[in-house]
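Notes to accompany the following structure.
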Amino acid sequence: MQESKPVKIYNYHTIKEKMAKDFATRDENYSQWYNDLVIKADLAENSAVRGCMVIKPYGYAIWEKVQAQLDKMFKETGHVNAYFPLFIPKSFFSKEASHVEGFAKECAVVTHYRLKNSPDGKGVIVDPDAKLEEELIVRPTSETIIWDTYRNWIRSYRDLPILVNQWANVVRWEMRTRLFLRTAEFLWQEGHTAHATEKEAIEEAEKMLHVYAEFAESFMAIPVLKGVKSPNERFAGAVETYCIEALMQDGKALQAGTSHFLGQNFAKAFEVQFLSRENKLEYVWATSWGVSTRLMGALVMSHSDDNGLVLPPKLAPIQVVIIPIYKTDEQLAAISEKAHEIMAALKAKGISVKYDDRDTYKPGWKFNEYEFKGVPVRLAMGPRDLENGTVEVARRDTLEKNVFQLQDIDTKIEHLLDNIQENLFQKALSFRERMTFNADSWEEFKNILDTTGGFISAHWDGTPETEQKIKEETKATIRLIPINGKQEEGKCIYTGKPSQQRVIFARAY
RNA sequence: CGGGGUGUAGCGCAGUCCGGUUAGCGCACCUGGUUUGGGACCAGGGGGUCGAAGGUUCGAAUCCUUUCACCCCGACCA
16 MQESKPVKIY NYHTIKEKMA KDFATRDENY SQWYNDLVIK ADLAENSAVR GCMVIKPYGY
76 AIWEKVQAQL DKMFKETGHV NAYFPLFIPK SFFSKEASHV EGFAKECAVV THYRLKNSPD
136 GKGVIVDPDA KLEEELIVRP TSETIIWDTY RNWIRSYRDL PILVNQWANV VRWEMRTRLF
196 LRTAEFLWQE GHTAHATEKE AIEEAEKMLH VYAEFAESFM AIPVLKGVKS PNERFAGAVE
256 TYCIEALMQD GKALQAGTSH FLGQNFAKAF EVQFLSRENK LEYVWATSWG VSTRLMGALV
316 MSHSDDNGLV LPPKLAPIQV VIIPIYKTDE QLAAISEKAH EIMAALKAKG ISVKYDDRDT
376 YKPGWKFNEY EFKGVPVRLA MGPRDLENGT VEVARRDTLE KNVFQLQDID TKIEHLLDNI
436 QENLFQKALS FRERMTFNAD SWEEFKNILD TTGGFISAHW DGTPETEQKI KEETKATIRL
496 IPINGKQEEG KCIYTGKPSQ QRVIFARAY
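Using the working numbering, read the first sequence as starting at 16 and increasing by one per residue.
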């Protein structure tokens with residue numbers, strides 16, 4: 016990029032003043048900013064069904080990229096996809112005690128299978144004669160139906176391991192919902208594996224945690240902490256819950272993925288046994304792991320700014336947009352010809368590029384549009400560029416504009432995209448580092464929560480009671496207990512009792 | 001389920017207290033023209049059961065009663 020010469024960076028304050036004040040800034044109102052962004056960048060909108068969202072094409076395109084990459088990573092680690100039913104017989108649920116307890120309060124239940132015309136002629140009613148023998152639960156997660164199925168699949172150690180994933184929707188009847196972060200219905204993947212030994216199952220749960228972490232950092236450009244959940248925060252039915260945790264720009268934590276070692280809990284509940292090499296009947300060891308459309312929320316909140324969405328190149332549906340600037344049809348024709356050459360070169364490198372030659376919008380309008388939608392790189396080409404053999408290149412992450420010579424433009428853009436991807440990660444990482452604190456006293460702990468927020472590394476006496484008290488008093492929870500955390504003598508931040516390791520606290524989404 | 005708030009054009013709002021022309025404004029939309037290197041301008045135009053039902057009145061967006069929906073704050077959560 017040595018041929019590029021810097022030009023004046025446009026003054027964005029001018030733009031902000033000119034822009035219709037229809038969009039909150041992060042400082043004014045962070046949660047409003049998030050809502051505005053999701054809606055105005057066309058990612059999703061609220062639907063006619065309370066708590067359920069419509070994921071719009073642009074948002075769904077990002078989700079498809081997430082899916083495609085994760086699916087590839089799952090396959091590379093030996094997993095295959097399958098599909099299990101949306102409905103789960105109610106009786107299945109009661110088989111694993113802590114599992115029921117965890118989900119009972121948020122289940123949608125199907126009780127009937129038919130409607131009929133209302134006797135008063137006003138619409139339709141549920142036909143009371145069509146009551147189901149056994150009510151069906153709309154899955155909030157699929158452990159029960161899957162383990163009921165696995166019972167029939169597993170006879171011997173030769174049938175193991177089973178490494179299955181499914182892409183599905185699930186329903187959890189939430190009181191309060193927010194687009195992507197918490198919706199009554201959401202999309203996710205859930206991996207469900209069965210193993211002959213405890214060791215193998217634990218290794219699987221840990222392996223998938225690392226897959227998630229790798230995905231978050233390399234593709235979403237979001238740095239994550241890896242650890243295990245405290246008993247309070249553990250998945251209902253799990254022996255151990257591993258998690259990755261990210262820090263949002265407002266200093267709140269967001270759980271970005273979980274992987275569970277389920278022990279033999281579900282195998283025992285569903286009588287799933289196998290004959291070992293030693294011809295002994297044993298219960299199967301299990302894991303499950305998932306990430307959801309919540310990742311979309313994490314993506315938005317990690318990188319975006321007051322000018323709109325900022326997308327990491329690896330997940331951006333459109334990586335490069337080209338906008339022609341012209342007065343006459345002749346100019347447009349000449350620019351279009353050049354633009355198509357550039358497009359072809361970029362596409363040959365696997366870069367997704369859009370040429371926006373609509374004459375129904377002005378260039379300035381388009382600049383704002385793509386900026387708001389987080390397109391990583393924008394090329395603008397006008398008569399002046401045509402004359403000079405140049406193109407104006409604007410990058411979304413830093414808002415810088417430069418003029419590039421057209422020679423080897425494809426390679427330059429390719430490098431620029433890599434550079435943006437890396438820059439976003441580094442920016443998020445240094446933010447997290449700035450926002451991670453050690454607290455050694457209760458005063459210090461509360462002070463951090465009230466001023467900056469962020470991750471707080473502190474000693475904890477290891478009891479659920481203490482965690483609960485801290486939560487009640489500060490709304491902060493233990494986000495995770497770091498894996499391979501440093502052993503260090505200390506005193507619990509709350510009770511003063513001895514502790515061997517710091518854990519990570521934060522207020523969370 | 002508790003506490004607060006809002007329902008008027010696709011979106012954002014004014015009008016409601018104190019009832020009275022044809023319900024108004026900005027954005028968006030449509031037509032024509034001039035424009036096009038950071039959200040263009042001018043002119044013209046279309047679009048409303050004023051959340052719903054009932055009542056008071058000569059007359060209701062406005063007053064009364066009932067009801068529904070949504071949003072925000074809390075308890076629950078990937």
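For glycine and all other residues, C-beta sits at the position ideal for the given N, C-alpha and C.
Computed from a predicted model, the values in this text were never measured in an experiment.
Query - K377, DSSP secondary structure in three states - result: Along the first sequence, one-based indexing puts residue 377 at 362. Residue state, collapsed to three classes: coil.
Query raised in the report: Among Y172, E150, Y73 and L147, which has the Cα closest to the Cα of V287?
Result: Numbered from its first residue, the first sequence carries residue 287 at position 272. Cα-wise, what sits closest to V287 is Y172.
**Report entry** Where the beta strand (DSSP E) through Q515 begins and ends
**Finding:** Locating residue 515 in the first sequence gives position 500, counting from the first residue. Its beta strand (DSSP E) spans residues P513 to A521.
Requested in this report: Consult DSSP for E293 and reduce its assignment to one of helix, strand or coil.
Outcome: Start at 1 with the first residue of the first sequence, and residue 293 comes out as number 278. In the structure shown, E293 sits in coil (DSSP, three-state: anything other than H, G, I, E or B).
Query raised in the report: Quick one, which of A301, A199 and L130 has its alpha-carbon nearest E205's?
Result: Working through the first sequence from its first residue, we reach residue 205 at position 190. The option with the nearest alpha carbon to E205 is A301.
Requested in this report: Compute the beta-carbon to beta-carbon distance between I15 and A59, rounded to the nearest angstrom, for a pair I have assumed lies under 8 Å.
Outcome: Since the first residue shown for the chain is 16 and the last is 524, residue 15 is missing from the structure and cannot be characterised.
Query raised in the report: Using DSSP with H/G/I as helix, E/B as strand and the rest coil, what is Y257?
Result: Within the first sequence, the letter at position 242 stands for residue 257. Y257: strand per DSSP, three-state reduction.
Query raised in the report: Between which two residues does the beta strand (DSSP E) harbouring G2 extend?
Result: Here the chain comprises residues numbered 16 to 524, so residue 2 is not present and cannot be evaluated.
Report task. May I have the straight-line CA-CA distance separating E32 from F38, to the nearest angstrom? Result -> Translated into positions along the first sequence, residue 32 becomes position 17. Translated into positions along the first sequence, residue 38 becomes position 23. Interpretation of E32 is limited by its pLDDT of 38, a score under 50 that renders its predicted location unreliable; the figure taken from the coordinates is listed afterwards. Cα to Cα, the separation comes out at about 12 Å.
**Report entry** Per DSSP, the bridge partner or partners of L394
**Finding:** Reading the first sequence from its first residue, position 379 is the one you call residue 394. Bridge partners of L394: I337 and V408.
Report task. Can you have a look at L361 and say buried or exposed, based on whether 16 or more other CB atoms are within 10 angstroms of its CB? Result -> Taking the first residue of the first sequence as 1, we reach residue 361 at position 346. The residue is buried, with at least 16 neighbouring Cβ atoms inside 10 Å.
Query raised in the report: Starting from A359 and walking both ways along the alpha helix (DSSP H), at which residues does that stretch end?
Result: The residue given as residue 359 occupies position 344 in the first sequence. Per DSSP, A359 belongs to the alpha helix (DSSP H) from D344 to A363.
**Report entry** Close-in-space but distant-in-sequence residues of the same chain around H94 (CB under 6 Å, 5 per side omitted)
**Finding:** Reading the first sequence from its first residue, position 79 is the one you call residue 94. Excluding positions up to five away in sequence, the list reads L178 and N180.
Requested in this report: Quick one: using the 10 Å Cβ neighbour count with 16 as the cut-off for buried, is K484 buried or exposed?
Outcome: The sequence position of residue 484 within the first sequence is 469, counting from 1. Exposed, by the Cβ-count rule.
Requested in this report: Using alpha carbons as the reference points, say which of A199, I463 and K512 lies closest to K490.
Outcome: For this step, residue 490 is matched to residue 475 along the first sequence. It is I463.
Report task. Grab the span of the beta strand (DSSP E) containing N102 for me, first residue to last. Result -> Position 87 of the first sequence, counting from 1, holds the residue named residue 102. At residue 102 the sequence reads Phe, which differs from the Asn that was named. Taken as a continuous stretch (DSSP letters only), the beta strand (DSSP E) holding F102 covers F102 to P104.
Query raised in the report: Do you know offhand how far I519's Cα is from L85's?
Result: As a working mapping, residue 519 is identified with position 504 in the first sequence. As a working mapping, residue 85 is identified with position 70 in the first sequence. Distance between the alpha carbons of I519 and L85: 27 Å.
Requested in this report: For F118, I'd like the list of residues in its chain whose CB is within less than 8 Å of its CB, leaving aside the five on either flank, ordered along the chain.
Outcome: As a position in the first sequence, residue 118 is number 103, starting the count at 1. Result list for F118: F108, P155, T156, R187 and A251, in chain order.
Requested in this report: Pull up the DSSP beta-bridge partners for Y370, would you.
Outcome: Looking up residue 370 in the first sequence gives position 355. Looking at the DSSP assignment, Y370 forms a beta bridge with I337.
**Report entry** Beta-ladder partner(s) of H275, from DSSP
**Finding:** For the purposes of this step, residue 275 is taken as residue 260 along the first sequence, with counting starting at 1. BP columns for H275 point to T256 and S303.
Query raised in the report: How is the beta strand (DSSP E) around F118 delimited, first residue to last?
Result: Walking along the first sequence from the start, residue 118 turns up at place 103. Not the beta strand (DSSP E): F118 falls in the alpha helix (DSSP H), residues A112 to F118.
Query raised in the report: DSSP puts F470 in a beta bridge; with which residues?
Result: Your numbering for residue 470 matches position 455 in the first sequence. F470 is bridged to T451.
Query raised in the report: Taking the alpha carbon of L414 as the point to measure from, which residue in V390, Y341, A56 and V306 has its own alpha carbon closest?
Result: Indexing the first sequence from 1 puts residue 414 at position 399. Of V390, Y341, A56 and V306, the residue nearest in Cα terms is V390.
Query raised in the report: According to DSSP, what are the bridge partners of T236?
Result: Reading the first sequence from its first residue, position 221 is the one you call residue 236. The question names Thr, but residue 236 is Ala in the sequence shown. Partner(s): none; A236 has no beta bridge.
**Report entry** Contacting residues, own chain, Cβ-Cβ under 7 Å from K461 (five flanking each side not counted)
**Finding:** In the first sequence, the residue the question calls residue 461 occupies position 446. Closer than 7 Å at Cβ, skipping near neighbours: T489.
**Report entry** C-beta atoms of A231 and V239 nearer than 9 Å
**Finding:** Numbered from its first residue, the first sequence carries residue 231 at position 216. Numbered from its first residue, the first sequence carries residue 239 at position 224. A contact, by the Cβ cut-off of 9 Å.
Query raised in the report: When the Cα atoms are used, what is the spatial distance from T492 to A523?
Result: If you number the first sequence from 1, residue 492 lands on position 477. If you number the first sequence from 1, residue 523 lands on position 508. About 7 Å.
Report task. Using beta-carbon positions only, say whether G272 and I259 come within less than 9 Å of one another. Result -> Translated into positions along the first sequence, residue 272 becomes position 257. Translated into positions along the first sequence, residue 259 becomes position 244. Contact flag set, yes.
Report task. Could you tell me whether the stretch 206–213 touches the stretch 405–423, using the rule of 3 or more Cβ pairs below 8 Å? Result -> no
Requested in this report: Would you kindly work out how many angstroms separate the C-alpha atoms of H127 and V139, rounded to a whole number?
Outcome: Counted from its first residue, the first sequence places residue 127 at position 112. Counted from its first residue, the first sequence places residue 139 at position 124. Near 13 Å, if we compare the C-alpha coordinates of V139 and H127.
Requested in this report: Could you pull out every residue in the same chain whose Cβ sits closer than 7 Å to the Cβ of K36, ignoring the five residues on either side in sequence?
Outcome: In the first sequence, residue 36 corresponds to position 21, counting from 1. Residue placement at K36 cannot be trusted, given a pLDDT of 46 that sits under 50; what the coordinates show is reported in the next sentence. Hits under 7 Å: none found.
Query raised in the report: How far does the alpha helix (DSSP H) with L52 in it reach, from first residue to last?
Result: Here residue 52 refers to the residue found at position 37 when the first sequence is read from its first residue. Looking at the DSSP string, the run of the alpha helix (DSSP H) that includes L52 is Y45 to K55.
Requested in this report: Assign L326 to one of three DSSP states: helix, strand, or coil.
Outcome: One-based indexing of the first sequence puts residue 326 at position 311. Three-state result, L326: coil.
Report task. Pair every Cβ in the stretch 416–430 with every Cβ in the stretch 215–222, then say whether three or more of these pairs are closer than 8 Å. Result -> no
**Report entry** Length-filtered (4 minimum) alpha helix (DSSP H) runs lying within the stretch 152–180
**Finding:** 158–168
Report task. Assign H474 to buried or exposed, taking buried as 16 or more other Cβ atoms, counted over all protein chains shown, within 10 Å of its Cβ. Result -> Mapped onto the first sequence, residue 474 falls at position 459. Buried, by the Cβ-count rule.
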